[in-house]
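**Q** Pasting a structure below so you can have a look.
2 protein chains.
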Amino acid sequence: MTSIRALPTLTAPVEDYLKVIFELEAGDGVAGTNEIAAELGVAPASVSGMVRRLAEHGLITHERYRGVHLTKAGRRAALRTIRRHRVIEAYLTRALGYPWDLVHDEAERLEHAASDELIDRMAAAIGEPTTDPHGAPIPTREGTLDEPELLPLAAVEVGVRVRVQRVGDRDAEQLRYLAELGITPGRQIEVLSRAPFEGPISLRIGRVTKTIGPGLAKQILVAVR
Amino acid sequence: MTSIRALPTLTAPVEDYLKVIFELEAGDGVAGTNEIAAELGVAPASVSGMVRRLAEHGLITHERYRGVHLTKAGRRAALRTIRRHRVIEAYLTRALGYPWDLVHDEAERLEHAASDELIDRMAAAIGEPTTDPHGAPIPTREGTLDEPELLPLAAVEVGVRVRVQRVGDRDAEQLRYLAELGITPGRQIEVLSRAPFEGPISLRIGRVTKTIGPGLAKQILVAVR
DNA sequence: AGACAGAGTTAGTCTTGCCTAACTTATTCC
DNA sequence: GGAATAAGTTAGGCAAGACTAACTCTGTCT
Ligand SMILES: [Mn+2]
Ligand SMILES: [Mn+2]
Ligand SMILES: [Mn+2]
Ligand SMILES: [Mn+2]
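Going down the list, the sequences are from chains A and B. Per our numbering, residue -17 is the first one in the first sequence, and the count goes up by one each step. Per our numbering, residue -17 is the first one in the second sequence, and the count goes up by one each step.
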C-alpha cells in the first residue's frame, strides 16, 4: 500500500543534489560530503547544510561523518529529474539538431522548469527514446531504470571487438573530441594494443586507427562483441 | 556608440518583474507598486524591496511614491524575456501540439531557463513566427517590438466587421472558452448588437451567433475590416 | 484648510542556499 | 598507542526574495 503524497515541488538546487547523490550512490554505494561538493561545484560546508535540510524533508538519511543515502521519496525524485534531463537531451538533438556537446548544460537548467506534460510530449515526439544522446538509459515515467552492465574501454583486452554504448557527458570539449574520433554510441571498435602502466590505447574505428589515453578510455563504456 | 556590457544573468524573479513593469508602462505610462504586486501575486512591500534592488542595478528608475520606469538596460532585458516567452508559446503549440490554454504557464517557467541558442532554434524550427498563439507580437532578437494599434472588441460599433488579432492569455479557462466560441486570431467577426450600460454583445462568428459579456470583449483585440 | 482613503514605504523576520574559518571525527601510518 | 591527515561539521555571515504590521505620503473631497 503506497500513500500518494504530493511532493511539495522541489527547488532546482534540491533536485540537483538528489541527482548527484543518486549517481554517487550507484557508484560507491554511499555518497560522501566532499564528493557531492566536488560534483556540484560548491563548498563542503554548503553540502552539510543542504544535507540537514534534505534529511529533515525525508529525502535522504544521514549518518554523521558516514555519508548519505536516498530514501524511497528521494530516489523517486532523483529518477524523475534524471528522466527529465535525458529526455530533454534526446529531444534537443533529435528534434532541434542540437550538437551533443551542448545539450547537457541546456538540460541542466530546463530539467527544473519543464512540466511532466512537456517531458511526455517531447518523448512522444521523438518516439519514446530509451537512451539519451550519450547512451545513458532514460528512466521510465514510472521511475524504473534499466542500467545495463557495461565495461570501460580502458579495461578491454587487446584484440577484442566491442560496441560503444555510452560516453561521459559532462565535458563538452571531450564530447567534441570523441565525435571527431568517431566514438559515438553504436560504433564498433577493436582494441589493437595497450601500452603498460596506464599507457595509451590504440583502437581501430571503422577503417582508421586512433590512439587515446587511459583517462579518456575510462569515460567510454562498451559492450563486448 | 554603445558599450557592450554583459548583463550579469538576471534571476527569474527579476526577469518577471521587468516584464510586468514593461507591460504596465506600455499601458499607463508608469508602473505603480500595487499594480506590480497584483500582477505578480506578491505583497506590495515585496515590490518596494525589489524596486530598490532593481534601481541599484540600473534596470529601473524610481521616484519615491511616484512609480518606476525601465532604463534602457531594463527595457532590453524585458524585451528579451518577452521574446523568449512568446517564442516558447509558439513553439509549444506549433511543434508539440500544445493547446493554447496551457502554453502560458509552461512558458512562464521555461523563459528563464532557455538559452538564446535554444530560443533561436525554436524560432527557426517553426519558421520565425511573428506572433505567439494568442496573437501577441514577438520582439526581434535585436529587441524591437512592433505593436500594432488594436481595438478592443468591446469598443466596436454595431454592424462593423472585424478580424480578431489578439486575445488575453493569462486565464486558461477564458482561453478554452474563446476556443469553444471560435474566437481565435485571424477569425472574422461581425458585431450584431450591443446592449447599453455595459450589456452583452452579440456576434456573428462564421455562420453562428454568440453573445458575450463586455469583460470578455475587452480581452479580445481586433482590427477593423 | 483639514480630513481621509489609498498608495507606497519602512522595519523586522523568515527561509534558502551559498561562503570562509575554525573545529571535530575517523582513519591511517609509524 | 599516538600523531598526522583527510573528511566532515559547526559557527557566523551574507544576499535574495518573500511576509506582516506599522507608518508616511499624496491627492481628493468637502
Ligand atoms: Mn540541474
Ligand atoms: Mn547525457
Ligand atoms: Mn516567468
Ligand atoms: Mn501569449
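We treat Cβ as the ideally placed atom computed from N, Cα and C, and that holds for glycine.
Pull up the distance between the alpha-carbon of G181 (chain B) and that of V29 (chain B), whole angstroms please.
**A** Distance between the alpha carbons of G181 (chain B) and V29 (chain B) is about 36 Å.
**Q** Please give the ranges of any alpha helix (DSSP H) in the segment 71 to 113 of chain B, keeping only runs that are unbroken, at least 4 residues long and fully inside the region.
**A** You should have 85 to 92, 98 to 107.
**Q** Closest by CA to Y73 (chain B), which one among B:A106, B:R189, B:A(-6), B:A199?
**A** That would be B:A106, whose Cα lies nearest to the Cα of Y73 (chain B).
**Q** Going by the C-beta, is H94 (chain A) closer than 7 Å to any heavy atom of ligand 1?
**A** H94 (chain A): yes, Cβ under 7 Å from ligand 1.
**Q** Using alpha carbons as the reference points, say which of B:G109, B:D(-2), B:R34, B:H39 lies closest to G23 (chain B).
**A** Measuring from the Cα of G23 (chain B), the nearest candidate turns out to be B:D(-2).
**Q** Cβ of A118 (chain B) versus every heavy atom of ligand 4: is any distance shorter than 7 Å?
**A** Correct: A118 (chain B) has its Cβ closer than 7 Å to ligand 4.
**Q** Would DSSP call S(-15) (chain A) helix, strand or coil?
**A** At S(-15) (chain A), the pLDDT of 37 sits below 50, so the modelled position is not reliable and the matter cannot be decided from this model.
**Q** What is the rounded straight-line gap between the Cα of V173 (chain A) and the Cα of R152 (chain A)?
**A** Roughly 25 Å separates the two Cα atoms.
**Q** Is there a Cβ of chain B sitting closer than 8 Å to that of H103 (chain A), yes or no?
**A** Reading off the sequence, residue 103 (chain A) comes out as Arg, not His. Answer yes: the Cβ-Cβ gap between R103 (chain A) and chain B drops below 8 Å somewhere.
**Q** Any heavy atom of ligand 3 within a distance shorter than 7 Å of the CB on D(-2) (chain B)?
**A** Checking every heavy atom of ligand 3 against the Cβ of D(-2) (chain B), one is found closer than 7 Å.
**Q** Counting only C-beta atoms, is E(-3) (chain A) closer than 8 Å to chain B at any point?
**A** Judged by the 8 Å Cβ criterion, E(-3) (chain A) is not in contact with chain B.
**Q** Check T15 (chain A) in the structure and name its three-state DSSP category.
**A** Three-state DSSP puts T15 (chain A) in a helix.
**Q** Counting only beta-carbon atoms, is E155 (chain B) nearer than 8 Å to chain A?
**A** It does not; no Cβ of chain A falls within 8 Å.
**Q** Flag L92 (chain B) as yes if its beta-carbon sits less than 8 Å from any beta-carbon of chain A, otherwise no.
**A** Chain A contact via Cβ: present.
**Q** Starting from V138 (chain A) and walking both ways along the beta strand (DSSP E), at which residues does that stretch end?
**A** Neither: V138 (chain A) is in no beta strand (DSSP E) and is coded neither H nor E.
**Q** In chain A, what lies closer than 9 Å to R88 (chain B) by C-beta?
**A** The sequence shown places Glu at residue 88 (chain B), rather than the Arg named in the question. Going along chain A in sequence order, the residues near E88 (chain B) (Cβ under 9 Å) are A95, A96, S97, E99, L100.
**Q** Starting from A294 (chain A), find everything on chain B with Cβ-Cβ shorter than 7 Å and list it in chain order.
**A** In this structure chain A extends from -17 to 207, so residue 294 (chain A) is not present and cannot be described.
**Q** Between the alpha carbons of V69 (chain A) and L160 (chain B), how many angstroms are there, rounded?
**A** C-alpha separation (whole angstroms): 33 Å.
**Q** By the DSSP assignment, the alpha helix (DSSP H) with L185 (chain A) in it spans what residues?
**A** Where L185 (chain A) is concerned, there is no enclosing alpha helix (DSSP H), although the beta strand (DSSP E) it sits in stretches over 183 to 187.
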